[in-house]
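Residue numbers (our numbering): 394 to 641. Ideal Cβ positions, reconstructed from N, Cα and C, are used throughout, including at glycine. Note that this is a predicted model, so its numbers are computed, not measured. A short write-up of the structure that comes next.
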């Protein structure tokens with residue numbers, strides 16, 4: 394459970410490359426696409442030497458488009474990660490007693506809902522497989538880690554739970570539900586017309602799952618202790634949080 398799986402095959406590559414690049418978003422935004430695209434360009438360049446000029450021009454234009462698109466998406470997405478909390482939909486979480494949490498460039502709501510501590514945030518890079526919309530709302534329900542009799546993480550139980558709630562290829566659910574070491578996460582698409590009623594129905598859904606699986610609540614203080622031990626395993630799975638905790 395130390396390694397979190399991603400449905401985008403490029404994410405592990407980007408994270409691996411990012412570890413060895415300067416801690417500068419602009420430089421990483423320029424270098425990562427270059428490192429990923431360069432092998433394909435060189436292969437085509439030497440495979441078809443008669444088209445060197447065409448290939449070079451195509452690569453240059455394609456690289457610029459990718460870089461510009463990446464920068465714009467990242468800037469707008471990170472801005473929206475913060476401002477979405479004040480939008481007409483998510484701001485209604487305050488009526489349920491939730492408050493905004495800000496750690497570095499991470500922004501989200503946190504609060505107690507039916508005895509469970511929840512984190513709710515906007516993610517501009519959706520983790521939902523098979524969904525075209527890249528924007529989502531993520532709900533994290535923190536619970537007391539499942540342990541074996543030897544006080545080890547009960548990986549078998551976690552695998553069983555993930556298998557039980559996994560979305561199939563033939564019958565996609567339109568959302569992603571995953572059990573991690575100390576939280577269950579529910580990701581669902583967020584559109585301009587998504588209502589708060591929809592958000593609250595997903596909150597109720599994750600609460601009912603926690604009740605059905607007999608998960609036990611955990612306090613925010615206990616969660617913070619776990620995050621201090623391993624922020625990647627126990628904290629929100631989003632870039633802004635990882636960077637705030639110096640994981641990326």
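query: Which whole-angstrom value is the C-beta distance of residue 592 and residue 482, which I expect to be below 8 Å?; result: 6 Å
query: Given this structure, state the Cα-to-Cα distance separating residue 541 from residue 598, to the nearest angstrom.; result: 27 Å
query: Do you know offhand how far residue 458's Cα is from residue 603's?; result: 44 Å
query: In terms of residue numbering, what span does the alpha helix (DSSP H) encompassing residue 360 cover?; result: Look at the range of the chain in this structure, 394 to 641, and you will see that residue 360 is not part of it.
query: Rounded to a whole number of angstroms, what is the C-alpha to C-alpha distance between residue 487 and residue 619?; result: 26 Å
query: According to DSSP, simplified to helix, strand and coil, what is residue 495?; result: strand
query: What do you reckon, are the CB atoms on residue 508 and residue 492 nearer than 8 Å?; result: no
query: Just tell me which of 453, 589, 429 has its CA closest to the CA of residue 484.; result: 589
query: Does residue 604 come out as helix, strand or coil in the three-state DSSP assignment?; result: helix
query: Please name the residue or residues paired with residue 505 in a DSSP beta bridge.; result: 510
query: Excluding five sequence neighbours on each side, which residues of the same chain lie with their C-beta closer than 6 Å to the C-beta of residue 639?; result: none
query: Going by Cα to Cα distance, which pick from 423, 629, 632, 469 is closest to residue 455?; result: 423
query: Once you ignore the five residues that flank residue 537 on each side, which residues in its own chain have a CB closer than 6 Å to its CB?; result: 609, 611
query: Rounded to the nearest angstrom, how far is the Cβ of residue 500 from that of residue 474, given a contact under 8 Å?; result: 6 Å
query: Less than 8 Å between the C-beta atoms of residue 392 and residue 569, yes or no?; result: Absent from the structure is residue 392, since the part of the chain shown begins at 394 and ends at 641.
query: Less than 8 Å between the beta carbons of residue 636 and residue 549, yes or no?; result: no
query: Identify every residue that forms a DSSP beta bridge with residue 534.; result: 511, 577
query: Go ahead and pull the three-state DSSP assignment for residue 439.; result: helix
query: Can you tell me where the beta strand (DSSP E) holding residue 569 begins and where it ends?; result: 569-572
query: CA-CA distance, residue 444 and residue 427?; result: 20 Å
query: What does a CB cutoff of less than 6 Å around residue 516 pick up in its chain, not counting 5 residues either side in sequence?; result: 529, 531, 631
query: Does the beta-carbon of residue 570, which I'm using as the reference point, lie nearer than 7 Å to any heavy atom of the ligand HEM?; result: Among the components modelled here there is no ligand, and therefore nothing to report on the ligand HEM.
query: How many Å lie between residue 614 and residue 512 at the Cα?; result: 14 Å
query: Can you have a look at residue 461 and say buried or exposed, based on whether 16 or more other CB atoms are within 10 angstroms of its CB?; result: exposed
query: List the endpoints of the continuous alpha helix (DSSP H) containing residue 448.; result: 445-476
query: When DSSP builds the beta bridges, which residues end up paired with residue 516?; result: 529
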